[in-house]
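Let me begin by presenting the structure, written as structure tokens, before commenting on it.
Residue numbers (the numbering used here): 24 to 697.
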């Protein structure tokens, strides 16, 4: 701001009894802009004053808008050649021969703050998982099966080799590319202990050396890098959490005692959010407050988090639950744990934490976050909240697809318009806070990209005769939703109907599964793939991921996937059921509902306890794409029963026009008479 503006703001702050000077307010605004929707939301003003007068509020919003242009992910004239060259020059000056850039922050979150989008800054890749390695004479980018097409569209082939993250892993490329005596640098904050160990072993295997570097080179080179995010943190009350913070602290302390640990470092922000019943706004589409916590076996908690993010009611909420400490005190606290046995989370703890504890002489025990399973097993209040959120969300989906049927048939609607309409419908709900991820509106060939991201360059119209896949979800205070529906604009081909029906058969098989206690998601994954396998087809993603309670739409440790997973499914766990099929360059199909693991009555004569799934998502499945001749009688019965539930659930809530549409969309399907 100009000097006169500073003086005016200072006067307004003084008049409103705000104990912050202009410089502190500017720093806070920069942090807000770096947080989720910081350029549009206004609730952050509570961090400065809970009752600002209109003039101060206007001045603060004006200050935000004035500083907004300073925050850009890609600086004007993005040039990967220049950025890679700058990185190589920096590394050479530091005496190292290469550097690894994961798509990760200090907490290994799927949603990372703008500040941590280092892989995108360097390469242009916008996917949610990946890594790059830059050496003096070559470089490679690694992505998984979701992004093999996208990476070729976003990243320069001249600068980076394309590699499959699973089939052609980083360590294999390093084995072939590093030379004996060379030094490979890594940032120990953004690599887990296990990742660092694998990298170290790969380097040592060829006579190279892995070097922990104090300053991330991308941070040194990124001009205009956003600040650390400062999204407001608010309490998550008992009416939604179902369990007090004190109860949760005692529960986790008991788990620590059983595994003979004195303390655990909580490096996953969703674990902290669950334990302390708080929700933040540091990253997009997931209500997280970034920070660290230490929970001790006596149930006490130290919370390392920027106090500027805490609104006054949250300070009071936490006053008897945790000791608030500045983020910069974490290292000191770790060095004071020399005589302790300390649990680090294998999935999210950065190697820097291990290094500090090792300096202190602590016994480091890397394993599962003790909060992970309790958080995954939703209590009765959370499950009921999820049911209510899904019911309201399902009504929006019904209204959406009626609107789509009436407006997309002529081919004039594009993906962006279709996605925005769905967001606008959800936003009508007073408990809606955000999308749970960026809506995937895949028309025709774009639908073949499992995690397609709509951009002005990729945006295309919904064309008659083509498949349209829309994957979306909402963050409601009482629950998190995630639903995929696939429809067709106009009439489908027989191939469309065959592939869709096979996906549906797999979806039904998983929804109907009955399994003994102790079963893992890996053991159930085959059920959803078998109808596709019978035709020589498959899909290159997991069948189901865990889902949080007004937390991450992707939550571990449970999942349903081909990938090895020893986590047994337990009552209360919420997962997705989403088999699919993708034909590159033509279309994609996916049918996704959320399901909750539940205890069931075992059959007569059973000698063990059995589990099954409760379906939480209720919305019509596209009848035009179903070939009933491919389905068994039991499968058709499940589908017709499901559609009857959908109709019954909304019969009293919809107006006549929507109810008429829903009646047609859920009408029973029968096989043709022979």
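All C-beta atoms, glycine included, are put in the ideal place defined by N, C-alpha and C. None of these values were measured; they are calculated from a predicted model.
Measuring alpha carbon to alpha carbon, tell me which residue in 305, 351 and 316 is nearest residue 64. 305
Out of 124, 589 and 336, state which residue places its alpha-carbon closest to the alpha-carbon of residue 193. 124
Is the number of C-beta pairs between the segment 391-409 and the segment 472-482 that are closer than 8 Å three or more? no
When the Cα of residue 447 is compared with those of 375, 423, 508 and 67, which residue comes out closest? 423
Which of the three DSSP states, helix, strand or coil, is assigned to residue 633? strand
Using DSSP with H/G/I as helix, E/B as strand and the rest coil, what is residue 690? coil
Which one of 255, 246, 300 and 263 has the shortest CA to CA distance from residue 272? 300
In this structure, how does DSSP classify residue 327 when only helix, strand and coil are distinguished? strand
I need the straight-line Cα distance from residue 436 to residue 308, nearest angstrom please. 26 Å
Measure the alpha-carbon distance for residue 362 versus residue 317 and round it to whole angstroms. 15 Å
The beta strand (DSSP E) enclosing residue 346, as first and last residue numbers: 346-348
Using beta-carbon positions only, say whether residue 358 and residue 379 come within less than 8 Å of one another. yes
Cα-Cα separation, residue 288 to residue 77: 43 Å
For residue 280, count neighbouring Cβ atoms within 10 angstroms of its own Cβ and tell me buried if that reaches 16, exposed if not. exposed
For residue 97, which residues from the same chain have a beta carbon less than 7 Å from its beta carbon, with the 5 sequence-adjacent residues on both sides left out? The predicted model places residue 97 with a pLDDT of 45, which falls under 50 and marks its position as unreliable, so this point remains unresolved.
Would you list the one or two residues that DSSP bridges to residue 284? Looking at the DSSP assignment, residue 284 forms no beta bridge with any residue, so it has no partner.
Where does residue 460 fall in DSSP's three states? coil
According to DSSP, is residue 644 helix, strand or coil? coil
Applying the 10 Å Cβ sphere with the 16-neighbour rule, what's the burial state of residue 615? buried
Does the separation of the CB atoms of residue 321 and residue 412 fall below 8 Å? no
What residue from 579, 569, 58 and 605 has the CA that sits closest to residue 468's CA? 605
Going by alpha carbons, who is nearest to residue 267 out of 453, 631 and 297? 297
Residue range of the unbroken alpha helix (DSSP H) whose run includes residue 430: 403-430
Can you give the Cα-Cα distance for residue 647 and residue 250, rounded to whole angstroms? 50 Å
Residue from 168, 520, 203 and 209 with nearest C-alpha to residue 191: 168
Quick check: residue 157 and residue 121, are their CB atoms within less than 8 Å of each other? yes
Let me know the secondary structure DSSP gives residue 41 once reduced to three states. coil
Is the number of C-beta pairs between the segment 612-631 and the segment 495-511 that are closer than 8 Å three or more? yes
Closer than 8 Å is the cut-off here; do at least three beta carbon pairs connect the segment 104-121 with the segment 130-145? yes
Going residue by residue through the segment 109-163, where are the continuous alpha helix (DSSP H) segments of at least 4 residues, counting only ones entirely within it? 141-146
In chain order, what are the residue ranges of uninterrupted beta strand (DSSP E) at least 3 long that sit wholly in the segment 525-594? 567-569 and 578-583
Pair within 8 Å by beta-carbon distance, residue 326 and residue 54: no
Whole angstroms is fine: what's the gap from residue 139's alpha carbon to residue 460's? 18 Å
Segment contact, 8 Å Cβ cut-off, at least three pairs: the segment 621-638 with the segment 535-549: yes
Which residues mark the beginning and the end of the beta strand (DSSP E) in which residue 495 is found? 490-495
For the ligand MN, is there a heavy atom less than 7 Å away from the beta-carbon of residue 108? Within the structure as shown, the ligand MN is missing, as the structure has no ligands at all.
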